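To start, the structure under review is shown below, and the notes come after it.
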DNA sequence: ACCTGAACACCGTTCAAGT
DNA sequence: ACCTGAACACCGTTCAAGT
């Protein structure tokens, strides 16, 4: 494990402990037993650190299932996105504000749009459906993490998962009607 | 106009100029020709200022139309929410992070849920539909304001309005299917 | 009522110098 | 390769004192 990865790991741990607003370079340095300036050998800026944290969040997520019909794949992609955000405190906010355009992100998006095209939607329709699901997942999870504490209780999490899935079914049903 | 309102107005102007992340009490003080400490006569904290800004955003929005069937009212409420956020730079982020629970907000929510109940949804169904629309509107607009500049061009805004409405129709269609 | 002056405990970042 | 020491230009907030 490179020193860079150790810094990254400490930053992720610190995020869970204090939240995004209190995640400062100076606190991170203190946790590493090092002066603040030393961090800049490993990351060009705090922004670069945050982008690496987002990358870690997305990369360490389990592979999305590619099985099932389009509706099942929509559920899988949406659920995986939500799960990734929920692995860390303020994960949703972190993601929307510091997601750097990347090849992996673009490829995942293309694949998702492709699934919807395969279901019978035309290109604009598939883009719209993907965009709507994306907005819903982000909006739902940001709201949730802003109001709830961290970590959520298991009961709270289970309940929110149910609400999330039910809301997603509304959108899936809407997409289905636009297929005919 | 009280001095408090003048400070609030200056803060709203500054938000449009520099964005939420660069909105500091010190910059605000400088714009008012005053020392930073002077602000604390009018607002207890920066957080209180931000909450007052949110309140202003919501209050100064035009009254939502209460005419039409439930689908038209959903469109009106969602459109008004989006419009309110778009009146200021980073309005969506400001709203989700600094919306203090208020009587007015609760009443608006109740009214919205009431409309959906009137359409024939049961209580859990109406709550779910309202929650889904809310998540979508917030998610869509946060994403938009994070990526686009400020102000948007008129063309960009018109295009995003179209996409927004089309995505909302997906959700409306989904709600409709759950009515039977 | 409103503001100044001055301070306090913080930020992110740079850079020469050390090991 | 990694870190220190020291600095720079910032933050939010408090409070006695002035008008």
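Protein chains in written order, with this note's numbering: chain A, 925 to 1104; chain B, 925 to 1104.
Note that CB positions come from ideal geometry on N, CA and C, so glycine has one too.
No experiment lies behind these values; they were computed from the predicted model shown.
Sub-8 angstroms separation of residue i and residue j beta-carbons
{"i": "residue 995 of chain B", "j": "residue 1061 of chain B", "result": "no"}
{"i": "residue 1050 of chain B", "j": "residue 1041 of chain B", "result": "yes"}
{"i": "residue 981 of chain B", "j": "residue 1000 of chain B", "result": "no"}
{"i": "residue 1065 of chain B", "j": "residue 1029 of chain B", "result": "no"}
{"i": "residue 952 of chain B", "j": "residue 938 of chain B", "result": "yes"}
{"i": "residue 934 of chain B", "j": "residue 955 of chain B", "result": "yes"}
{"i": "residue 932 of chain B", "j": "residue 949 of chain B", "result": "no"}
{"i": "residue 1014 of chain A", "j": "residue 1069 of chain A", "result": "yes"}
{"i": "residue 1053 of chain B", "j": "residue 1094 of chain A", "result": "yes"}
{"i": "residue 1063 of chain B", "j": "residue 1059 of chain A", "result": "yes"}
{"i": "residue 902 of chain B", "j": "residue 1103 of chain B", "result": "Since the first and last residues shown for chain B are 925 and 1104, residue 902 of chain B lies out of range."}
Short CB-CB distance (under 8 angstroms) between residue i and chain B
{"i": "residue 926 of chain A", "result": "no"}
{"i": "residue 998 of chain A", "result": "no"}
{"i": "residue 931 of chain A", "result": "no"}
Closer than 8 angstroms to chain A by CB, residue i
{"i": "residue 1011 of chain B", "result": "no"}
{"i": "residue 978 of chain B", "result": "no"}
{"i": "residue 1001 of chain B", "result": "no"}
Interface residues of chain A facing residue i [CB-CB closer than 7 angstroms]
{"i": "residue 1101 of chain B", "result": "1097, 1101"}
{"i": "residue 958 of chain B", "result": "The premise fails here: residue 958 of chain B is roughly 26 angstroms from chain A at the closest Cβ pair, so nothing lies under 7 angstroms."}
Residue i: CB within 7 angstroms of a non-hydrogen atom of the ligand ZN
{"i": "residue 981 of chain B", "result": "No copy of the ligand ZN appears in this structure; indeed no ligand is present at all."}
Q | Where the region 1048 to 1074 of chain A meets chain B: residues whose CB sits under 8 angstroms from a CB there | A | For the region 1048 to 1074 of chain A, which is checked against every Cβ of chain B, the residues closer than 8 angstroms are 1052, 1053, 1055, 1056, 1058, 1059, 1060, 1061, 1062, 1063, 1064, 1066, 1067, 1070.
Q) Using Cβ-Cβ distances below 8 angstroms, what residues of the region 1080 to 1095 of chain B are close to chain A? A) 1087, 1090, 1091, 1093, 1094, 1095
Q | Against chain A: residues of the region 1019 to 1052 of chain B by CB proximity under 8 angstroms | A | Interface annotation for the region 1019 to 1052 of chain B against chain A: 1020, 1021, 1052, criterion Cβ-Cβ distance under 8 angstroms.
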